[in-house]
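>
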Amino acid sequence: MSILLGLLSLVISIAVPVLIMIFADFQLLHFSIFFIIPAGAIAIGYACGFGFFKGLIISNKKISSKHFIIGILMAFICLASIKYATYHLTCVSPETGKIEYKLDGNHISNYQIDGYGRMTFVNFNKFMIESTPITFSRRGSQTLGEVTNPTACWVFAIIDFLGVFIGVIAAGIGIKDKHQYCETCNKYKNSKKIFKLLKTDGQAFFDELEIITNDISESTSLKQIIEKYNGKVKTGDAFLECTLIYCHNCKKATLSFKLFEVTSTNKVKENSEFKYNVAINYNLVRDYIKEIAA
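Note that the working numbering has the sequence shown beginning at 51, numbered continuously upward.
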């Protein structure tokens with residue numbers, strides 16, 4: 051599954067930028083935000099690696115360093131393929147002398163440029179990097195400046211190239227962090243975001259949760275406690291987000307909580323320093339899953 055989805059995402063990450071280039075004359079690979087953040091390249095890299103890492107999760111294969119190495123190789127193939135496709139499709143219009151992208155035209159390899167020689171794949175890419183000016187602009191059409199220095203152009207190009215590799219690694223880390231691996235069963239645990247509760251209700255909820263976890267004679271179900279606190283969070287409230295993580299095989303379950311607090315700008319943002327996990331009786335989880343499925 052990882053091979054199939056990996057190949058699919060690799061093909062998509064190559065085809066989409068090339069099609070955008072053909073129909074919109076826009077180089078997604080070299081699209082940047084705030085001058086140096088290679089947003090387009092990162093997006094391409096993320097798409098390139100997403101299918102492969104998602105396939106590993108579906109196949110219950112633990113993501114390790116060797117998979118990130120494979121992801122980096124995929125990023126290299128993706129980058130090289132986009133650059134070669136660009137070269138293969140670059141033609142010169144006989145009427146205007148401008149570059150156009152098509153399969154059957156006056157190919158760029160028929161030309162020589164002073165200082166670069168015949169436009170081979172390597173010479174073409176070198177020429178495009180060193181001779182294409184980089185324009186900085188604000189919203190709208192206001193131009194702030196333009197860079198034509200070859201060395202500076204190479205720096206920006208390398209940043210864009212690195213963005214593809216960063217995107218693949220980000221895809222792997224993001225997918226890996228969202229799924230916990232059960233070392234006992236050699237498979238990924240099931241996880242599901244189940245509810246949000248007000249930060250101020252947190253302690254009361256945890257106290258009730260402790261009671262039903264420790265007292266097997268307690269008749270209150272997990273579903274009843276959740277329903278008691280769920281649905282109270284309003285826009286702008288600090289809250290705890292609960293994710294249920296469990297493994298049917300080894301019969302272990304955990305409630306994992308993230309804290310979202312109101313910042314000084316009145317925006318609700320996750321507190322990355324807060325992590326709280328509560329191990330609970332698997333029978334409570336099994337009954338809860340049956341109840342919500344009924």
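Note that the Cβ used here is the ideal one computed from N, Cα and C, for glycine as well.
Quick check on Ala-89: does DSSP put it in helix, strand or coil?
Here Ala-89 sits in helix by DSSP.
> For His-157, which residues does DSSP report across the bridge?
Looking at the DSSP assignment, His-157 forms a beta bridge with Cys-141.
> Would you check if the distance between the CB atom of Leu-55 and the CB atom of Gly-121 is smaller than 7 Å?
Taking 7 Å as the Cβ cut-off, Leu-55 and Gly-121 do not qualify as a contacting pair.
> If the criterion is Cβ atoms closer than 7 Å, does the pair Leu-129 and Val-214 meet it?
Yes, the Cβ-Cβ distance between Leu-129 and Val-214 is below 7 Å.
> Name the one or two DSSP bridge partners that Gln-162 has.
Paired residues: Arg-168.
> In three-state DSSP terms, what is Cys-232?
DSSP places Cys-232 in strand when its eight states are reduced to three.
> I'd like the list of long-range same chain contacts for Glu-291, defined as Cβ closer than 6 Å, with 5 residues on each side in sequence excluded.
Once the five neighbours on either side are set aside, the close Cβ partners of Glu-291 are Lys-246, Lys-308.
> So Gly-222 packs on Phe-103, CB below 8 Å; how close in whole Å?
With a Cβ gap of about 5 Å, Gly-222 and Phe-103 count as contacting.
> With H, G and I counted as helix, E and B as strand and the rest as coil, what does DSSP make of Cys-300?
Looking at Cys-300 - three-state DSSP - the assignment turns out to be coil, as it is neither helix nor strand.
> Using the three-state DSSP reduction, which class does Lys-152 fall into: helix, strand or coil?
Lys-152 falls in the coil class under three-state DSSP.
> From Ile-64 to Ile-179, what distance separates their C-alpha atoms?
Cα to Cα, Ile-64 sits roughly 20 Å from Ile-179.
> What would DSSP say about Ala-288, mapped onto helix, strand or coil?
Note: Ala-288 maps to coil in three-state DSSP.
> Going by C-alpha distance, which of Ile-72, Lys-112, Phe-100, Ser-82 is nearest Glu-233?
It is Lys-112 whose Cα lies nearest to the Cα of Glu-233.
> Reducing DSSP to helix, strand and coil, say where Tyr-96 ends up.
Reduced to three states, the DSSP call for Tyr-96 is helix.
> In whole angstroms, give me the CA-to-CA distance for Glu-145 and Asn-156.
The alpha-carbon atoms of Glu-145 and Asn-156 are separated by roughly 11 Å.
> Kindly indicate which three-state DSSP category Phe-324 falls into: helix, strand or coil?
If DSSP states are grouped into helix, strand and coil, Phe-324 belongs with coil.
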